[in-house]
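Chemist: I'd like to ask you about the structure that follows.
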Amino acid sequence: MSRPEMEISPDIQIKLYTLMVKTRATEDRIIALYRQGRIVGGAYTGRGVEGTTVGAALALEPQDYLFPIHRDLGAHLAKGQSVLNILLQYLGRGNSLTRGKDSGIHVTDPALNIVGNVSHLGHMIPVAVGAAIGKRMQGEKVVSLNFIGEGGSNIGDFHEGLNFAAVQKAPFVLIIENNQYAYSTPTHKGYVCKYLSDRAAGYGIPGHHVDGTDALQVYAVVREAVERARSGDGPSLIECLSFRMVGHSAHDDAFYVDKNRMKEYEKKDPIARLEKKLFETALLTSAQAAAIKKEIDEEIENATETAINSPMPEPHWAAEGVYAE
Amino acid sequence: MAETTYIQAITDAMREEMLRDPGVFILGEDIGVYGGAFKVTRGLIDEFGEERIMDTPISESAIIGVAVGAALVGMRPIAEIQFADFITVAFSQIVTNAATMHYRYGTPVPLVVRAPSGGGIHGGAFHSKNPEAWFVHQPGLKVVAPATARDAKGLLKAAVRDNNPVIYFENKYLYRRVKEDLDANEEVVVPLGKAATVRGGGDVSIITYGSMVHAAQQAAEIVCEQDQIETEIVDLRSLQPLDVEAILATVQKTSRVVITHEANLTGGIGGEVAALISEHAFESLDAPIKRVAALDTPTPYAPAMEEYFMPNAEKIVNAIRQVVRF
C-alpha cells in the first residue's frame, strides 16, 4: 500500500490525534480513580494500542455498529461516547448507561450503535456478524466492526463467527488488535503462524496486516474494508500490530514483559508518532497541540467531578430488569 | 378442523409468525432445501426464500451468537439447534450473551432457540438429552416444553412474540405420535408461565411437563381402574417462569404429589418444584413428595437399558401408590 495516509483529510488526521490524546488522558484518570479506591472493579487500559482502537473505529459512520472489547476505550470515544458516560460506568453510578449493573467499559449505547462486550473473549464476534446480517435484512447499508485480541483470536467463536460472516458475505470487519500479550502469555505460546491476518485466506476473505501504532495506516486500511463491506463485497480481517505498554489491568505490573521490547515500542508510541508527523506536515503546531490537551483535560476534570458526585444505584435495583416487558 | 401433529403445529406456528412479522426468520443446520433433520422447516424455503430460512455452517455457537446480534438490531430470529444435545456448543452464547443483555443495559433480545430434545428413540448419549434444567438456572432466559400439538403451536407463537430469549424444547418422540384437531383459522397463542391442568382429580397430583405428560395420563388411567385413585395432572408447559400458583393450588387440593420429568433426577426441575411446595405448602402435604425421573447417567443406547433408564407410566404408577398409601 502506497502511503495511504496521504489521502486522509487534515480534519480526520486531527481527529485521530485528538481522540488518541483523549483516550490516554481518560485512561490516566481511570487509573488514578482506581488507585484512590473509587473504581472497585478492574481497570483495563490500552496504552500503546490507541492507534488501532481510534484508527479503526473512526473509520465507521454513525449508522455503523461498533463492538469493542475491554481495552478499547479509544474505539468508544471515536464512535462518539462521552468521557462522562465512561467514568459513570467505571464508578458504578446509578445514572451510568448500565445503571451500575456492569463494570469497566462494558458499555452499550443504543444511541451510538455501540454494543459493549462480555468478558468471554471472542463471544462478540458472532453477535457482531448477526447485527450486520440483521441490518442487511432490514435493507440498510450498515457495517458492523468488532475487535478481538491476538489472544482471543484462538477461541472457537473466532472461527465460527468469521466463517459464518464469510459464507453470508456479511458487512463485517474484524480487527485483531495484536498487542503481543494475552494477559501474561506472549504470542509464541498462543500461535505459531507468522501473521494472524493470514488466517483470512482460510475463510476466503481479504486479510491485511498493518502497523497498529500508525493510526493513519489503520484508519486507511479499515476505511477501505468498511466501504468494501458496505458495498456488499463481504467481510475483512485486519491485524493491527502494536504493543501493550502496561499490564493486563491496573493490578498487573507486567513484570513478565520483555523490557527491551517495551523500549523498542516506546519509540513507536502511537500518539508521539502521529504528533511528530502532524508537526512535520504543518497540520498541527505545538500551541494547537497544547490547546487540544487543555480542552481535553478540562473535559475530564469536569466529567470526573460530575461522575463522583453522581448517585449510587439503589441496592434493590439488583433485582430488577432481568426480563424485558 | 384438521388433525395436526405436534411437529406440524411447530411448522405452522413458525409459518404464521413469519407471515405476520417480516422480522421473524429462521436459521440453523440443514433447514433449507432439506427441511431440517426432522423436517420441521419443510417447504418454508420455497415460501420465504433463503435469506429468511438461513442454512448455516455446523457452528452452534455462531448460530446463537448471530441470532443474538440480529435480535439486538430489531429482528426476531428463531434458531434451530439440530438436536438439543448440541446446544452445549452454544451454551455460553445463550447464558453469557443472550441471558444477560437486558439486565446489563436494557436492550431486549427477542430470540427463540428451538431444540429437539428427549429420548426413547435409541439415539444414545448424544441424541437424547433433556438439558432444560441448565437453562432454568440462568436468570434472563425463559424455558418452555410443550406436551401437546396445541401447546407446541401456542407456546412457540408466544415465544416468538416475547421480548426475551426463550429456549423452546420440542420433544422429538412426540413429533408424529401426538396429534389433535386444530382449527387453522384460530389464532393459538399460549401465554408463557401458565400451567395447564390436563386431568382433574382429588387424591394425588402429578406435576410434570413434556413427554411425561403422556406417561402420567397412562399412569392415571391405570391407578383409576386398578386402585380407584383419582389423579390430577398439572402440565407445567413453562419451566421458567414456573406457574407457582398452579403448583400450590393442586397440592392444596390433593395433599399428595408426584413430580415426574424425562430429564435425569439430580438438579432437575423436580427438585425446584419440590422446594417450592416445601416452602409454601408444607402444611398441606399428607405424604412426602416423590420424584420420578431418568437415572443420573448418560442416556444408554441399547433398548433394554434405555427403557430401564427412562421414567415411564409404570414407574409413575408405583410412585402414586407409594404416596397414596403413605
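So the sequence lines, in the order shown, correspond to chains F and G.
Position one of the first sequence corresponds to residue -4 (the working numbering), numbered consecutively onward.
Position one of the second sequence corresponds to residue 2 (the working numbering), numbered consecutively onward.
Beta carbons are placed, not taken as given, at the ideal position from N, Cα and C, and that holds for glycine.
This one's a predicted model, so the numbers in the text were calculated from it and none came from an experiment.
1. For a contact defined as C-beta to C-beta under 8 Å, what are the partners of LYS136 (chain F) on chain G?
2. Just how far apart, CA to CA, sit SER60 (chain G) and GLU155 (chain F)?
3. Which residue from F:GLN212, F:ILE233, F:ALA123, F:HIS311 puts its Cα closest to that of ILE65 (chain G)?
4. Grouping DSSP H, G and I as helix and E and B as strand, with all else coil, what is SER93 (chain G)?
5. Listed from N- to C-terminal order along the chain, which residues in the region 80 to 103 of chain F have their beta-carbon within a distance smaller than 9 Å of any beta-carbon of chain G?
6. On the criterion of 16 or more Cβ atoms from any shown chain inside 10 Å, does ILE122 (chain G) qualify as buried, or is it exposed?
7. In terms of residue numbering, what span does the beta strand (DSSP E) encompassing VAL84 (chain G) cover?
8. Between the Cα of ALA216 (chain G) and those of G:THR255, G:ILE260, G:GLU133, spot the shortest distance and give me the residue it belongs to.
9. Should the region 166 to 186 of chain G be called in touch with the region 29 to 37 of chain G, which here means at least 3 C-beta pairs below 8 Å?
10. Which residues in the same chain have their Cβ closer than 6 Å to the Cβ of LEU28 (chain F), if we skip the five residues on either side of it in sequence?
11. Checking contacts by CB at 8 Å: is VAL74 (chain G) closer than that to chain F?
12. Are at least three pairs of beta-carbons, each pair with one atom in the region 36 to 52 of chain F and one in the region 242 to 256 of chain F, less than 8 Å apart?
13. First and last residue of the alpha helix (DSSP H) that includes ILE230 (chain G)?
14. If contact means a Cβ-Cβ distance below 9 Å, which residues of the region 106 to 135 of chain G contact chain F?
15. Counting along the chain, where does the alpha helix (DSSP H) carrying SER62 (chain G) start and finish?
16. With a cut-off of 8 Å on the beta carbons, I'd call ALA160 (chain F) and PRO63 (chain F) a contact; round off their distance for me.
17. Going by C-alpha distance, which of F:SER139, F:MET119, F:HIS118 is nearest ILE128 (chain F)?
18. Which partner residues does GLN241 (chain G) have in the DSSP bridge list?
19. Excluding sequence positions up to five away, which residues of its chain have a Cβ less than 6 Å from the Cβ of ILE9 (chain F)?
20. Quick check: the Cα distance between ILE200 (chain F) and VAL145 (chain G), rounded to an integer number of angstroms?
21. Quick one: what does DSSP say PRO63 (chain F) is sitting in, helix, strand or coil?
22. State yes or no: is the beta carbon of ALA68 (chain G) nearer than 8 Å to at least one beta carbon in chain F?
23. So what does DSSP say about HIS262 (chain G), is it helix, strand or coil?
24. Between the Cα of ILE3 (chain F) and the Cα atoms of F:GLY50, F:ALA313, F:TYR251, F:GLU261, which residue gives the shortest distance?
25. Assuming the contact rule is C-beta atoms closer than 8 Å, GLY46 (chain F) and SER237 (chain F) should be a hit. Round their C-beta distance to whole Å, please.
26. Could you check if ARG88 (chain F) is buried or exposed, using at least 16 other CB atoms within 10 Å of its CB as the buried criterion?
27. Inspect the beta-carbon positions of GLN83 (chain G) and GLY29 (chain G) and report whether they are closer than 8 Å.
28. When the Cα of ALA275 (chain G) is compared with those of G:SER285, G:ALA264, G:VAL258, G:GLU263, which residue comes out closest?
29. Evaluate the contact criterion for the region 141 to 151 of chain F versus the region 207 to 225 of chain F: three or more CB pairs, one atom per stretch, below 8 Å.
30. DSSP has LYS180 (chain G) in a bridge; who is on the other side?
31. Cutting at 8 Å between CB atoms, please list the residues of its own chain near VAL252 (chain G), excluding the five before and the five after it.
32. Quick one: give me the first and last residue of the beta strand (DSSP E) that VAL167 (chain G) is part of.
33. Helix, strand or coil for GLY202 (chain F)? Go by DSSP, reduced to three states.
34. Are the C-beta of LYS327 (chain F) and some C-beta of chain G separated by less than 8 Å?
35. Is any beta-carbon of chain G found at less than 8 Å from that of MET307 (chain F)?
36. How is the alpha helix (DSSP H) around ASP23 (chain F) delimited, first residue to last?
Modeler: Considering the structure as presented:
1. Locating residue 136 (chain F) in the first sequence gives position 141, counting from the first residue. Under the 8 Å cutoff, chain G gives no residues; its nearest Cβ is about 13 Å from LYS136 (chain F).
2. Walking along the second sequence from the start, residue 60 (chain G) turns up at place 59. Walking along the first sequence from the start, residue 155 (chain F) turns up at place 160. The straight-line gap from Cα to Cα measures roughly 6 Å.
3. Counted from its first residue, the second sequence places residue 65 (chain G) at position 64. That would be F:ALA123, whose Cα lies nearest to the Cα of ILE65 (chain G).
4. As a first step, residue 93 (chain G) must be located in the second sequence, where it is residue number 92. Annotated three-state conformation of SER93 (chain G) is helix, per DSSP.
5. Listed in sequence order: LEU92, THR93, ARG94, LYS96, ASP97, HIS101, VAL102, THR103.
6. As a working mapping, residue 122 (chain G) is identified with position 121 in the second sequence. It is exposed - the Cβ of ILE122 (chain G) has fewer than 16 other Cβ atoms within 10 Å.
7. The count along the second sequence starts at 1 and reaches residue 84 (chain G) at position 83. The sequence as given places Phe at residue 84 (chain G); Val does not occur at that position. No beta strand (DSSP E) holds PHE84 (chain G); DSSP gives it neither H nor E.
8. By one-based count along the second sequence, residue 216 (chain G) stands at place 215. Nearest in C-alpha terms to ALA216 (chain G), of all of G:THR255, G:ILE260, G:GLU133, is G:ILE260.
9. As far as the Cβ criterion goes, the region 166 to 186 of chain G does not touch the region 29 to 37 of chain G, which means the pair count is below three.
10. Position 33 of the first sequence holds residue 28 (chain F). Here LEU28 (chain F) has ILE34 as same chain residues with Cβ atoms under 6 Å from its own Cβ, once five neighbours each way along the sequence are excluded.
11. Taking the first residue of the second sequence as position 1, residue 74 (chain G) is located at position 73. For VAL74 (chain G), the answer is yes, since a Cβ of chain F falls inside 8 Å of its Cβ.
12. The region 36 to 52 of chain F is in contact with the region 242 to 256 of chain F.
13. Mapped onto the second sequence, residue 230 (chain G) falls at position 229. ILE230 (chain G) -> no alpha helix (DSSP H), and no H or E assigned at all.
14. The residues in question are TYR106, GLY107, THR108, PRO109, VAL110, PRO111.
15. Position 61 of the second sequence, counted from the first residue, corresponds to residue 62 (chain G). 61 to 73 is the span of the alpha helix (DSSP H), which, as asked, contains SER62 (chain G).
16. The residue labelled residue 160 (chain F) in the question sits at position 165 within the first sequence. The residue labelled residue 63 (chain F) in the question sits at position 68 within the first sequence. Not a contact, Cβ separation roughly 18 Å.
17. Residue numbering aside, residue 128 (chain F) sits at position 133 when the first sequence is read from its first letter. With distances taken between Cα atoms, ILE128 (chain F) lies closest to F:SER139.
18. One-based indexing of the second sequence puts residue 241 (chain G) at position 240. Bridge partners of GLN241 (chain G): G:VAL144.
19. In the first sequence, residue 9 (chain F) corresponds to position 14, counting from 1. Nothing meets the Cβ criterion.
20. If you number the first sequence from 1, residue 200 (chain F) lands on position 205. If you number the second sequence from 1, residue 145 (chain G) lands on position 144. The alpha-carbon atoms of ILE200 (chain F) and VAL145 (chain G) are separated by roughly 40 Å.
21. Counted from its first residue, the first sequence places residue 63 (chain F) at position 68. Of the three classes helix, strand and coil, the one that applies to PRO63 (chain F) here is coil, per DSSP.
22. Here residue 68 (chain G) refers to the residue found at position 67 of the second sequence. Yes, ALA68 (chain G) counts as interfacial toward chain F.
23. Within the second sequence, residue 262 (chain G) is the residue found at index 261, counting from 1. Residue state, collapsed to three classes: strand.
24. The residue you call residue 3 (chain F) lines up with position 8 of the first sequence. Comparing Cα positions, the closest option is F:GLY50.
25. Residue 46 (chain F) sits at position 51 when you count from the first residue of the first sequence. Residue 237 (chain F) sits at position 242 when you count from the first residue of the first sequence. Here GLY46 (chain F) really is in contact with SER237 (chain F); their C-beta atoms are around 6 Å apart, less than 8 Å.
26. Position 93 of the first sequence, counted from the first residue, corresponds to residue 88 (chain F). By the 10 Å Cβ count, ARG88 (chain F) comes out buried.
27. Counted from its first residue, the second sequence places residue 83 (chain G) at position 82. Counted from its first residue, the second sequence places residue 29 (chain G) at position 28. Note that the C-beta distance between GLN83 (chain G) and GLY29 (chain G) is below 8 Å.
28. One-based indexing of the second sequence puts residue 275 (chain G) at position 274. Closest in C-alpha terms to ALA275 (chain G), from the list G:SER285, G:ALA264, G:VAL258, G:GLU263, comes G:VAL258.
29. Touching, no, given that fewer than three Cβ pairs across the two stretches are closer than 8 Å.
30. As a first step, residue 180 (chain G) must be located in the second sequence, where it is residue number 179. BP columns for LYS180 (chain G) point to G:THR6.
31. Taking the second sequence and counting its residues from 1, the one referred to as residue 252 (chain G) is at position 251. In the same chain as VAL252 (chain G), and ignoring 5 residues on each side of it, the C-beta atoms closer than 8 Å to its own belong to SER206, VAL258, ILE278, ALA282, SER285, LEU286, in chain order.
32. Taking the second sequence and counting its residues from 1, the one referred to as residue 167 (chain G) is at position 166. Taken as a continuous stretch (DSSP letters only), the beta strand (DSSP E) holding VAL167 (chain G) covers 166 to 172.
33. Stepping through the first sequence from its first residue, residue 202 (chain F) is reached at position 207. Three-state DSSP puts GLY202 (chain F) in a strand.
34. The displayed coordinates of chain F run from -4 to 320. Any statement about residue 327 (chain F) would go beyond what the structure contains.
35. Looking up residue 307 (chain F) in the first sequence gives position 312. MET307 (chain F) does not count as touching chain G.
36. By one-based count along the first sequence, residue 23 (chain F) stands at place 28. First-last of the alpha helix (DSSP H) with ASP23 (chain F): 5 to 30.
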